[in-house]
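Protein chains in written order, with the numbering used here: chain V, 5 to 194; chain B, 1289 to 1436. Note that CB positions come from ideal geometry on N, CA and C, so glycine has one too. Here is the structure we will look at, set down as structure tokens.
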Amino acid sequence: MQLMRIYLKFDFNLVCKAVLQEQLDALGMKYTIHGVGEIEFSRPPTPKEEQEMASLLGNYGIEIMDDQQMALVQRIKDSVTEWINDVENPKLYNFSTYLSEKLDYSYTYLSSVFSEATYSSIENFVILKKIDFAKSLILQNNLTLTEIAYKLNYSSVSHLSAQFKKTTGLTPSAFQKIILKRKERALTQK
Amino acid sequence: MPLHTLNIALADDDDDDRTLFKEAMNEIKIKTKLSLFNNGKELMDYLILPNVILPEIVFLDLNMPIKNGMQCLYEIRNHPRLHDLLVAIYSTSSSEADIEETFVNGANIYINKPTSFGALKQAIEKVLQLNWQYHTSALNKDNFLLRI
């Protein structure tokens, strides 16, 4: 039998939003989705509706958070992701301004909530997300490192390479080589 | 799911290394529960038990009697229930060929056993912080590679 593998790339925000819409429509309540992590209802759900919603969303690994702080941390993370993935818009002002305006809290407050809950700073998380995004772009293979650096708002390729190395312990090319070898091996083994 | 405690497993045949690792872990802020194994076979026998709570991350020494780290890594990546585990190789070898081979075989992290206690603590802290983020954020685990 001839086996064939194909590789997929996901737009997680889009997938999550589609799943949410599908499940919330089934519930029959009026709602608005604010970003992926926040939903506003036109009226408070009854306990029965809340239970039904929890079970519908639970099927997709989506949980309703009851902890305000964890919910805020999640919104910070979602905002970071949105900020980084939105490569088309030029970054006219800095991230801390964007974040505190978007979430309507002071950046100092957001930083302290984030650090307490995740053992890491917002700045570190931004770097981690940027490098995670750089990895997926490197593996798409049709972009040069210079183009990737530009897309991710790095001042130069060497700045991107240095941050990549500092975050992962590997150079971008060593990373690419390892992932390609893994894929080759997976193909020859099966 | 808010994650409150990280479950960690370490397989290392060296008594002193296990003790140092445990002490370093105790001094780190992140809440952890550590399970220790004397060799790869003990670890694998444990991981395949039914109903076992799988660790969020497994640290593997490369050179161990009975079943070495590379064999464990191979078995983990080819086991239907275990193949998503995050695996950190924890070894004295700093040969580039060894390091690349473990990554290609599916390791997520390669740590050169640090020579001082301070450096060990720092390395473990970095790994756990990152690991925490990978379990609580939408980051792509397939591309998770870290070398320390």
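Residues of its chain near residue i, where Cβ-Cβ distance is below 7 Å and the 5 sequence neighbours each way are ignored
i: V77(V); result: V117, F118, A121, T122
i: E44(V); result: Y35, T36, H38
i: P1353(B); result: D1301, N1327
Candidates the options: closest to residue i by CA position
i: V161(V); options: L31(V), K139(V), T150(V), D108(V); result: T150(V)
i: L1427(B); options: F16(V), A178(V), C20(V); result: F16(V)
i: I1296(B); options: K1319(B), S1323(B), Q1417(B); result: S1323(B)
i: I1318(B); options: T1390(B), V1415(B), P1402(B); result: V1415(B)
i: D1260(B); options: S1379(B), L1370(B), E1363(B); result: Beyond the ends of chain B as shown, which are 1289 and 1436, falls residue 1260(B); an answer cannot be given.
i: E139(V); options: L31(V), A22(V), M33(V), S165(V); result: Residue identity differs from the one stated: residue 139(V) is Lys in this sequence, not Glu. Of L31(V), A22(V), M33(V), S165(V), the residue nearest in Cα terms is S165(V).
i: E127(V); options: T192(V), Y111(V), T148(V); result: Y111(V)
i: R1306(B); options: K1401(B), I1336(B), D1386(B); result: K1401(B)
i: I182(V); options: N1419(B), T1424(B), N1396(B); result: N1396(B)
i: N1366(B); options: N1351(B), E1384(B), S1382(B), M1332(B); result: M1332(B)
i: L1335(B); options: I1354(B), F1347(B), L1370(B), D1304(B); result: L1370(B)
i: E67(V); options: L7(V), V23(V), M33(V), Y102(V); result: V23(V)
Coil, strand or helix - residue i by DSSP
i: E188(V); result: helix
i: Y102(V); result: helix
i: K34(V); result: coil
i: Y1378(B); result: strand
i: P1290(B); result: The predicted position of P1290(B) is uncertain, since its pLDDT is 46 and thus under 50; a value taken from the coordinates is nonetheless stated next. DSSP places P1290(B) in coil when its eight states are reduced to three.
i: N1428(B); result: coil
i: E1330(B); result: helix
Min CB distance residue i to chain B below 7 Å
i: L164(V); result: no
i: L141(V); result: no
i: R47(V); result: no
i: Y202(V); result: The shown model of chain V, from 5 to 194, leaves out residue 202(V), and the question about it has no answer.
Residues near residue i in its chain [Cβ-Cβ closer than 8 Å; skip 5 each side]
i: K106(V); result: S83
i: I142(V); result: L149, I152, P176, F179, Q180
Contact with chain V by residue i, beta-carbon distance below 7 Å
i: Q1410(B); result: no
i: N1273(B); result: No answer is possible for residue 1273(B): it lies beyond the span of chain B, which begins at 1289 and ends at 1436.
i: R1435(B); result: yes
i: P1290(B); result: Because P1290(B) carries a pLDDT of 46, less than 50, the predicted location of this residue cannot be relied on, and no value is offered for it.
Those residues which DSSP pairs with residue i across a bridge
i: H1367(B); result: None, per the DSSP bridge assignment.
i: I1345(B); result: I1296(B), L1374(B)
Contacts around residue i, its chain only, beta-carbon distance under 6 Å, and the 5 residues preceding and following it disregarded
i: P1290(B); result: In this prediction, P1290(B) scores a pLDDT of 46, lower than 50, which makes its location untrustworthy; no coordinate-derived value is stated.
i: A1411(B); result: I1399, P1402, I1436
i: L1434(B); result: I1397
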